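Asks:
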Amino acid sequence: MNGDQAIVEQQTDSGGKMIRTLGGIAMISGFLVVLVYQWTAPMIAENKRRAIEQAIFQVLPGAVSRKDFHLSESQLIAGEGDGVMIYAGFDAEGKLKGIAAEAAAQGYADVIQMLFGYDPACECITGIKILKSAETPGLGDKIFKDADFVANFNALEARLNSTATALANPITTVKHGTKSEPWQIDAISGATVSSVAIGKALDHSAQRLLPQLHIQWPTISGRREP
455 MNGDQAIVEQ QTDSGGKMIR TLGGIAMISG FLVVLVYQWT APMIAENKRR
505 AIEQAIFQVL PGAVSRKDFH LSESQLIAGE GDGVMIYAGF DAEGKLKGIA
555 AEAAAQGYAD VIQMLFGYDP ACECITGIKI LKSAETPGLG DKIFKDADFV
605 ANFNALEARL NSTATALANP ITTVKHGTKS EPWQIDAISG ATVSSVAIGK
655 ALDHSAQRLL PQLHIQWPTI SGRREP
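Per this note's numbering, the sequence shown starts with residue 455, numbered consecutively.
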């Protein structure tokens with residue numbers, strides 16, 4: 455074996471060792487990622503559950519108790535299950551104050567997740583609570599810190615059309631200071647993307663859920679068994 459062959463074999467062997475080492479590191483890293491996910495997933499789910507429980511009564515003024523349902527293939531079923539969760543809130547006398555449901559849309563930095571309340575008596579959204587947001591501090595985070603913006607959702611119109619197949623007027627976000635209709639959201643100056651995301655999330659969720667819930671209000675209110 456001459457010197458050149460020895461050098462080539464040495465380089466080949468060295469390259470093989472490096473590939474095996476990198477492969478081992480990648481495998482261990484992947485295992486650790488899965489392990490961390492499995493370890494933290496239950497805690498994340500529990501934290502979300504607690505956040506939703508607290509938010510329900512914040513977005514449904516006057517509610518002091520709740521009953522959970524889920525929508526599965528347009529069927530309303532009592533309790534938790536696969537499908538969209540619907541949280542019904544009741545006052546001290548047992549009267550339905552409305553329902554709470556989740557909504558989400560892409561914001562400036564990440565997906566914004568929220569819970570919103572809806573009262574069938576006024577056909578309006580009665581509040582929102584941000585569950586997850588990574589929006590820019592001082593700008594995008596005003597979606598839950600700016601009192602004027604939050605006031606948009608005290609009685610935001612979400613009325614169904616005459617056939618109850620969709621909203622009569624889509625929920626939209628308009629330029630700050632130009633709101634003229636009860637279904638419009640007055641955007642935050644300097645945080646348009648985050649403001650628009652809130653409008654899109656609410657419109658998408660309301661357009662999808664409210665037509666399905668239209669015939670379910672007697673069941674939700676307790677006047678008819680599910």
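Think of the CB as a built atom: it goes at the ideal place given N, C-alpha and C, for glycine as much as any other residue. This one's a predicted model, so the numbers in the text were calculated from it and none came from an experiment.
Pick from K629, A641, T619: whose alpha carbon is nearest that of F607?
Replies: Sequence index remark: in the sequence shown, residue 607 carries index 153 (1-based). Taking only the C-alpha atoms, the option nearest F607 is A641.
Asks: For A554, does the three-state DSSP call read helix, strand or coil?
Replies: By 1-based counting over the sequence shown, the position of residue 554 is 100. In the structure shown, A554 sits in a strand (DSSP, three-state: E or B).
Asks: Using CA atoms only, rank isn't needed, just tell me which of K551, S587, G653, A588 is closest to L610.
Replies: The residue labelled residue 610 in the question sits at position 156 within the sequence shown. Of the listed residues, the one whose Cα sits closest to L610 is G653.
Asks: With distances taken between CB atoms, is the gap from T632 to P665 smaller than 8 Å?
Replies: Taking the first residue of the sequence shown as position 1, residue 632 is located at position 178. Taking the first residue of the sequence shown as position 1, residue 665 is located at position 211. No.
Asks: For the alpha helix (DSSP H) holding S519, just list the boundary residues, first then last.
Replies: As a first step, residue 519 must be located in the sequence shown, where it is residue number 65. First-last for S519: 519-526, but that is the beta strand (DSSP E), not the alpha helix (DSSP H).
Asks: Over what stretch of residues does the beta strand (DSSP E) that includes D545 continue unbroken?
Replies: Translated into the one-based positions of the sequence shown, residue 545 becomes position 91. From DSSP, D545 is part of no beta strand (DSSP E); its letter is neither H nor E.
Asks: Q670: which of K471, I531, Q560 sits nearest, CA to CA?
Replies: Within the sequence shown, numbered from 1, the residue matching residue 670 stands at position 216. Among K471, I531, Q560, the Cα nearest to that of Q670 is on I531.
Asks: Considering only residues of the same chain and omitting the five flanking positions on each side of S649, which have a CB-CB separation below 6 Å?
Replies: Here residue 649 refers to the residue found at position 195 when the sequence shown is read from its first residue. The residues are T627, A641, I642.
Asks: Could you pull out every residue in the same chain whose Cβ sits closer than 7 Å to the Cβ of G537, ignoring the five residues on either side in sequence?
Replies: Residue 537 sits at position 83 when you count from the first residue of the sequence shown. Taken in chain order, the residues that qualify are H524, L525, S526.
Asks: What do you reckon, are the CB atoms on A509 and K551 nearer than 8 Å?
Replies: On the sequence shown, residue 509 is found 55 positions in, with the first residue counted as 1. On the sequence shown, residue 551 is found 97 positions in, with the first residue counted as 1. It is not a contact, given that the beta carbons lie outside the stated cut-off.
Asks: Kindly list the residues whose CB is nearer than 6 Å to the CB of P624, restricted to its own chain and excluding five residues on each side of it in sequence; keep chain order.
Replies: As a working note, residue 624 is residue 170 in the sequence shown. Closer than 6 Å at the Cβ level, and outside the excluded window around P624, lie D657.
Asks: Using CA atoms only, rank isn't needed, just tell me which of F485, D564, A542 is closest to T673.
Replies: On the sequence shown, residue 673 is found 219 positions in, with the first residue counted as 1. Nearest option by C-alpha distance: A542.
Asks: Helix, strand or coil, according to DSSP, for T632 in the structure here?
Replies: Counting from 1 along the sequence shown, the entry for residue 632 is found at position 178. DSSP places T632 in coil when its eight states are reduced to three.
Asks: For E516, which of helix, strand or coil comes out of DSSP?
Replies: Position 62 of the sequence shown, counted from the start, is the residue given in the question as residue 516. Before going on, a small fix: residue 516 reads as Gly here, not Glu. Coil, per DSSP.
Asks: From the DSSP secondary-structure annotation, give me the bridge partner or partners of A559.
Replies: Residue numbering aside, residue 559 sits at position 105 when the sequence shown is read from its first letter. DSSP lists I566 as partners of A559.
Asks: Give the secondary structure of I584 by DSSP, where H, G and I count as helix, E and B as strand, and everything else as coil.
Replies: Taking the sequence shown and counting its residues from 1, the one referred to as residue 584 is at position 130. Of the three classes helix, strand and coil, the one that applies to I584 here is strand, per DSSP.
Asks: Name the two residues that bound the continuous beta strand (DSSP E) containing D640.
Replies: Your numbering for residue 640 matches position 186 in the sequence shown. Residues 638-640.
Asks: Distance check for G548 and K521, CA to CA, integer angstroms please.
Replies: Reading the sequence shown from its first residue, position 67 is the one you call residue 521. Reading the sequence shown from its first residue, position 94 is the one you call residue 548. If I take the Cα positions, the gap works out to 11 Å.
Asks: Relative to the C-alpha of A554, which candidate in D573, E577, I566 has its C-alpha closest?
Replies: Locating residue 554 in the sequence shown gives position 100, counting from the first residue. The shortest C-alpha separation from A554 is found at D573.
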